[in-house]
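Some notes on the structure that comes next.
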Amino acid sequence: MPRQLTERQQSFLACLFEEAAGDMRTAMRLAGYSDNTTIAEVTNSLKEELMEHTQTFLARNAPRAAMAMVGVVDDPTALGNRDRLAAANQILDRTGLVKTEKVAVEASGGVILLPPKRDAED
659 MPRQLTERQQ SFLACLFEEA AGDMRTAMRL AGYSDNTTIA EVTNSLKEEL
709 MEHTQTFLAR NAPRAAMAMV GVVDDPTALG NRDRLAAANQ ILDRTGLVKT
759 EKVAVEASGG VILLPPKRDA ED
């Protein structure tokens, strides 16, 4: 059961990932926290919620990361493609979309069947 957050805490989390663009101090001001309130005071009380919101934020941006990867295929000579691909890979990795690697296993030769072991008494 999620815990109840104050209106100010909810506002802080909403502002952090929208208007403040990740800037903690700006999000705190927008949410109505005093300038005397430390960032640690706010973030320590919202650790779990910050992680959840960060995961949601990355998931929301995963389609853009995928589109950036495909965009490199459309224009492979564009400046910044290497950085664009690296950033897209990081986002997709953190959202759980990782590249699939397939390994082919081949064996040469046949299978040797041995008779069952016998006890010394047999």
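Residue numbers (the working numbering): 659 to 780.
Just so it is clear, CB atoms sit at the ideal spot from N, CA and C, and this is done for glycine as well.
Exercise. Sorted by chain position, which residues of the same chain lie with C-beta nearer than 8 Å to Met686's C-beta, five sequence neighbours on each side aside?
Worked result: Phe670, Thr695, Ile697, Val700
Exercise. Which same chain residues, not among the five before or five after Ala746, have their C-beta less than 6 Å away from its C-beta?
Worked result: Ala723, Ala726, Met727
For this session: Check whether the Cβ atoms of Ala678 and Leu688 lie closer than 8 Å to each other.
Result: yes
Problem set entry | Rounded separation between Asp681 and Asp732 - CA only | 34 Å
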